[in-house]
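Participant: Can you keep this structure in mind? I'll have questions shortly.
Residue numbers (our numbering): 714 to 835.
Below, the structure is given as structure tokens:
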């Protein structure tokens, strides 16, 4: 199988991982201690296990999620979607991530969508 097909397949899979992560986060919010529904808690636990296993399989095959918060912006790995005040951060530092980026064997297959710190204009 050629490399471009593998990369395309991985890009499709990380979209599934995004949906799974958002669903698990949503279930976690609903499964708070104030909610007495034990079924919801079990669903959340199951989603968390699936998500952890998926990330483990990704890592086994060289597909790594980028965690750029606090790092410097790199146009090869990141796409700027917003600027935020630099409160306590160096300008040019990544302050937030709106969509995770991924690398396959060190090669970026999906850029992380990031917010970069800029000096305040006060």
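Using N, Cα and C, we set each Cβ at its ideal position, and we do this for glycine too.
As the structure is a prediction and not an experimental result, all values here were calculated from the model.
(1) Are the beta-carbon atoms belonging to residue 723 and residue 817 less than 8 Å from one another?
(2) So is residue 807 buried or exposed if we call it buried at 16+ other beta carbons inside 10 Å?
(3) Which word fits residue 820, buried or exposed, when buried means at least 16 other C-beta atoms lie within 10 angstroms of its C-beta?
(4) Within 10 angstroms of its Cβ, does residue 814 collect 16 or more other Cβ (buried), or is it exposed?
(5) Between the Cα of residue 719 and the Cα atoms of 776, 830, 794, which residue gives the shortest distance?
Facilitator: Quick answer:
(1) Cβ atoms of residue 723 and residue 817: closer than 8 Å.
(2) buried
(3) exposed
(4) buried
(5) 776
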